[in-house]
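As structure tokens, the structure follows; a few thoughts come after it.
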RNA sequence: CGGGAAGUAGCUCAGCCCGGCUAGAGCGCUUGGUUUGGGACCAAGAAGUCGCAGGUUCGAAUCCUGUCUUCCCGACCA
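Residue numbers (this note's numbering): 22 to 585.
This is the structure:
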């Protein structure tokens with residue numbers, strides 16, 4: 022492609038509403054333009070990268086036996102009522118005004134609908150069905166360019182199995198395919214254990230790219246290889262000790278002591294001898310959660326136990342339910358409460374807790390003796406520097422961008438939509454499903470986040486829009502132009518895709534800047550300076566390394582680089 | 001949905017506080033000329049209902065009210 026003929030709207034100045042590097046560069050290098058919040062037009066060079074990513078995805082999905090579908094984005098709302106997800110998605114789902122239709126935010130329902138009508142026997146499984154298609158989600162706050170949009174491209178796939186072992190296998194196939202996809206796309210990524218959230222199912226993992234632009238926090242440990250979303254991450258921290266003897270409960274005046282730190286320093290006790298009480302409301306019922314010392318409660322873990330609707334109590338509710346304000350609340354003597362505690366507190370004694378009376382605390386609380394603990398769960402958020410669960414190394418908390426998520430769905434959708442098959446014994450069972458997603462634009466943005474410098478993008482070979490950026494430095498020199506033209510046509514004949522900067526109205530400096538911004542892996546620079554010595558310069562964008570090759574050897578040199 | 005910021009030429013912005021005549025700059029664009037190895041130079045030019053609506057005023061980009069849009073932080077994110 023000739024730069025003089027094609028549409029490559031590069032921009033020198035940083036767009037005012039782009040904050041993160043990938044967003045800025047996707048605008049500056051002419052990959053896309055914004056139409057509205059979270060909605061982007063992809064321009065030729067941007068779409069060419071998208072297509073390369075999608076092809077890698079196709080190849081790897083086909084390699085595990087996936088079959089490509091193309092499902093409608095416009096769905097009858099009735100379909101979504103069958104699984105009660107009109108309510109579950111709420112405002113996230115776009116609704117069509119003049120017909121009872123919605124724009125699909127994902128495709129479990131459509132897939133299950135097809136499976137229900139046609140997958141009737143265990144002999145027809147396993148199946149892996151996928152598509153690459155536009156998804157619509159009415160995000161309350163689109164941000165960071167293409168990283169969180171209202172319309173985006175997703176590879177979504179669905180596995181159908183007749184057994185749970187089969188699901189495990191389909192899931193593992195996807196995990197392996199995903200690793201290949203992200204590796205081929207030039208991304209450094211982590212696979213982390215994740216919360217299944219309201220999606221349901223028995224397990225899920227996320228594929229995460231480390232980046233400051235990320236919205237998720239991950240706990241990772243290089244030494245042990247442990248990696249998990251902090252929503253579910255655990256660490257190796259000691260439990261509170263149980264002393265051999267429990268002293269009697271004792272009420273003590275603790276004026277103006279609200280926080281655990283204030284209470285601990287007032288009583289001259291370590292914070293790890295304090296039990297912090299937090300009140301939540303679930304289905305109008307109060308729940309008291311006990312945490313050790315200054316441990317932070319992880320609300321995702323709380324939701325995993327009590328469901329999504331649990332919420333913190335309002336200050337007036339605290340007073341109503343416990344008779345005290347925050348800072349003086351405890352588990353002793355509460356009526357009609359569900360009391361749960363973090364695992365670190367299991368059967369502990371000798372603790373300090375609120376007395377349900379403002380400015381008073383209780384000493385020597387024994388959780389076995391003095392409180393009705395319904396159950397113990399892991400509720401705490403892990404902290405930077407704690408030991409990984411296997412104790413082999415320290416945890417680091419990093420920010421990550423989710424580029425993929427795989428779920429073992431189980432039978433949630435097949436049961437809801439009555440997608441049943443007959444097993445070997447002629448018995449009817451719900452199809453066992455998995456669902457697996459990859460955000461295509463996110464891969465592109467993450468690639469740029471991981472491969473760029475102050476001058477522009479550094480495409481890795483696998484997804485670069487062109488293999489080579491050919492620069493003709495002196496358009497007024499006939500010999501230079503004819504040599505550049507010759508190289509252009511020879512490279513194309515050798516199957517190399519070339520972006521040829523043959524503009525007559527751009528200065529050399531301008532061309533070099535554009536080449537660095539656009540970021541093709543190899544720049545071939547044809548200029549008078551080197552040509553008079555029979556040399557052509559080549560520059561590798563990734564390393565910045567420059568060298569020259571003789572006019573006779575240049576084609577071979579470039580072909581070698583591209584195919585390396 | 002809560003908090004903050006911003007909408008002036010294709011882009012990046014100044015002007016607004018303290019109202020005034022014909023609304024500016026740089027980049028980009030058009031034409032002509034010069035230039036050609038790291039975002040060239042000279043000259044001439046085109047281009048803006050100052051987001052929109054209403055109000056105050058002799059007079060509004062500027063003051064007031066409302067509204068829309070965009071960005072950032074938070075909440076939310078199957």
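Note that beta-carbon positions come from the ideal geometry of N, C-alpha and C, so glycine has one too.
Computed from a predicted structure; not experimentally measured.
Extent of the continuous beta strand (DSSP E) to which residue 342 belongs: Here residue 342 refers to the residue found at position 321 when the first chain is read from its first residue. Where residue 342 is concerned, there is no enclosing beta strand (DSSP E), although the alpha helix (DSSP H) it sits in stretches over 336-343.
Nearest to residue 358 (by Cα), restricted to the options 307, 255 and 581: To locate residue 358, count along the first chain from 1; it is residue 337. The residue with the shortest Cα to Cα distance from residue 358 is 307.
Contact check, residue 587 vs residue 568, beta carbons under 8 Å: This structure leaves residue 587 out entirely; the chain is present only between 22 and 585.
3-residue-minimum beta strand (DSSP E) runs that sit fully inside the region 57-82, ordered along the chain: Within the region 57-82, complete beta strand (DSSP E) segments of at least 3 residues are found at 60-63, given in chain order.
Candidates 505, 41 and 231: closest to residue 573 by CA position: Numbered from 1 along the first chain, position 552 holds the residue referred to as residue 573. That would be 505, whose Cα lies nearest to the Cα of residue 573.
3-residue-minimum beta strand (DSSP E) runs that sit fully inside the region 117-166, ordered along the chain: Entirely contained in the region 117-166, the beta strand (DSSP E) runs reaching 3 residues are, in chain order, 122-124 and 148-157.
Cβ neighbours of residue 583 in the same chain (closer than 6 Å, five flanking residues each side left out): As a first step, residue 583 is located in the first chain; it is residue number 562 there, counting from the start. Contacts found: 488 and 517.
Whole-Å CB distance - residue 349 paired with residue 377, under 8 Å assumed: Translated into the one-based positions of the first chain, residue 349 becomes position 328. Translated into the one-based positions of the first chain, residue 377 becomes position 356. About 7 Å separates the Cβ atoms of residue 349 and residue 377, confirming a contact at the 8 Å cut-off.
Beta strand (DSSP E) segment containing residue 317, residue limits: Locating residue 317 in the first chain gives position 296, counting from the first residue. That residue, residue 317, is in no beta strand (DSSP E); it is neither H nor E in DSSP.
Distance between residue 342 and residue 389 (C-alpha atoms, nearest Å): For the purposes of this step, residue 389 is identified with residue 368 of the first chain, where counting begins at 1. For the purposes of this step, residue 342 is identified with residue 321 of the first chain, where counting begins at 1. Cα-Cα distance, rounded: 23 Å.
Where residue 76 falls, given that 16 or more other Cβ within 10 Å makes a residue buried: As a first step, residue 76 is located in the first chain; it is residue number 55 there, counting from the start. Its Cβ having fewer than 16 others within 10 Å, residue 76 is exposed.
Alpha carbon of residue 507 to alpha carbon of residue 51, nearest angstrom: Within the first chain, residue 507 is the residue found at index 486, counting from 1. Within the first chain, residue 51 is the residue found at index 30, counting from 1. Residue 507 and residue 51: Cα-Cα distance of roughly 27 Å.
Beta-carbon proximity list for residue 24, same chain, < 6 Å, skipping 5 on both sides: Your numbering for residue 24 matches position 3 in the first chain. Once the five neighbours on either side are set aside, the close Cβ partners of residue 24 are 522 and 524.
Counted within 10 angstroms of its Cβ, other Cβ atoms place residue 95 as buried (16 or more) or exposed: In the first chain, residue 95 corresponds to position 74, counting from 1. Classification for residue 95: exposed.
Residue 68 beta carbon near the ligand PLP (any heavy atom closer than 7 Å): Although the ligand PLP was asked about, the structure shown includes no ligands whatsoever.
Cβ contact check for the region 184-198 and the region 165-173: 3 or more pairs under 8 Å: Counting C-beta pairs closer than 8 Å gives fewer than three between the region 184-198 and the region 165-173, which falls short of the contact rule.
Any alpha helix (DSSP H) of 4 or more consecutive residues that is wholly inside the region 174-226: The alpha helix (DSSP H) runs of length 4 or more contained entirely in the region 174-226 are, from start to end of the chain, 185-205.
Endpoints, alpha helix (DSSP H) assigned at residue 301: For this step, residue 301 is matched to residue 280 along the first chain. Premise fails: residue 301 lies in the beta strand (DSSP E), 296-303, not in any alpha helix (DSSP H).
Residue 543 versus 556, 209 and 492, residue with shortest Cα-Cα distance: Taking the first residue of the first chain as position 1, residue 543 is located at position 522. When each option's Cα is compared against that of residue 543, the closest is 492.
Unbroken stretches of the beta strand (DSSP E), 3 residues or longer, contained in the region 496-523: Assignment of beta strand (DSSP E) within the region 496-523, counting only whole runs of 3 or more residues, yields 519-522 in chain order.
In DSSP terms, what residue 560 is bridged to: For this step, residue 560 is matched to residue 539 along the first chain. According to DSSP, residue 560 bridges with 544 and 567.
Top-ranked residue by Cα proximity to residue 286, from 237, 84 and 314: Your numbering for residue 286 matches position 265 in the first chain. Of the listed residues, the one whose Cα sits closest to residue 286 is 314.
Euclidean distance between Cα positions of residue 69 and residue 123: As a first step, residue 69 is located in the first chain; it is residue number 48 there, counting from the start. As a first step, residue 123 is located in the first chain; it is residue number 102 there, counting from the start. For the pair residue 69 and residue 123, the Cα-to-Cα distance works out to about 30 Å.
C-alpha distance - residue 117 paired with residue 431, whole-angstrom precision: Working through the first chain from its first residue, we reach residue 117 at position 96. Working through the first chain from its first residue, we reach residue 431 at position 410. Roughly 30 Å between the two C-alpha positions.
C-beta atoms of residue 443 and residue 363 nearer than 8 Å: The sequence position of residue 443 within the first chain is 422, counting from 1. The sequence position of residue 363 within the first chain is 342, counting from 1. Not a contact, by the Cβ cut-off of 8 Å.
Between the CA atoms of residue 46 and residue 322 - distance to the nearest angstrom: Along the first chain, read from residue 1 onward, the residue named residue 322 stands at position 301. Along the first chain, read from residue 1 onward, the residue named residue 46 stands at position 25. For residue 322 and residue 46, the distance between alpha carbons rounds to 37 Å.
Inter-stretch contact at 8 Å, needing at least 3 Cβ pairs: the region 450-467 / the region 255-272: Using a C-beta cut-off of 8 Å, the region 450-467 makes no contact with the region 255-272, since fewer than three inter-stretch Cβ pairs fall below that distance.
Span separating the alpha-carbon of residue 54 from that of residue 63: One-based indexing of the first chain puts residue 54 at position 33. One-based indexing of the first chain puts residue 63 at position 42. Each residue's alpha carbon lies about 7 Å from the other.
Stretch pair the region 194-210 + the region 421-437: three plus CB contacts closer than 8 Å: The region 194-210 is in contact with the region 421-437.
Contact between the region 523-540 and the region 29-44 (3+ Cβ pairs under 8 Å): Counting C-beta pairs with one atom in each stretch, the region 523-540 and the region 29-44 have three or more that are closer than 8 Å, which means they touch.
Helix, strand or coil at residue 419 [DSSP, three-state]: Here residue 419 refers to the residue found at position 398 when the first chain is read from its first residue. DSSP places residue 419 in strand when its eight states are reduced to three.
Sequence ranges, alpha helix (DSSP H) only - wholly within the region 434-486, length at least 4: You should have 461-471.
Where residue 408 sits in the DSSP three-state scheme: As a working note, residue 408 is residue 387 in the first chain. In the structure shown, residue 408 falls within a strand segment according to DSSP collapsed to helix, strand and coil.
Check whether residue 247 and residue 411 have beta carbons under 8 Å apart: Taking the first chain and counting its residues from 1, one reaches residue 247 at position 226. Taking the first chain and counting its residues from 1, one reaches residue 411 at position 390. Residue 247 is a Cβ neighbour of residue 411, given a cutoff of 8 Å.
Distance between residue 278 and residue 325 (C-alpha atoms, nearest Å): Taking the first chain and counting its residues from 1, the one referred to as residue 325 is at position 304. Taking the first chain and counting its residues from 1, the one referred to as residue 278 is at position 257. The C-alpha of residue 278 is placed about 32 Å away from the C-alpha of residue 325.
Coil, strand or helix - residue 535 by DSSP: Counting from 1 along the first chain, the entry for residue 535 is found at position 514. Of the three classes helix, strand and coil, the one that applies to residue 535 here is helix, per DSSP.
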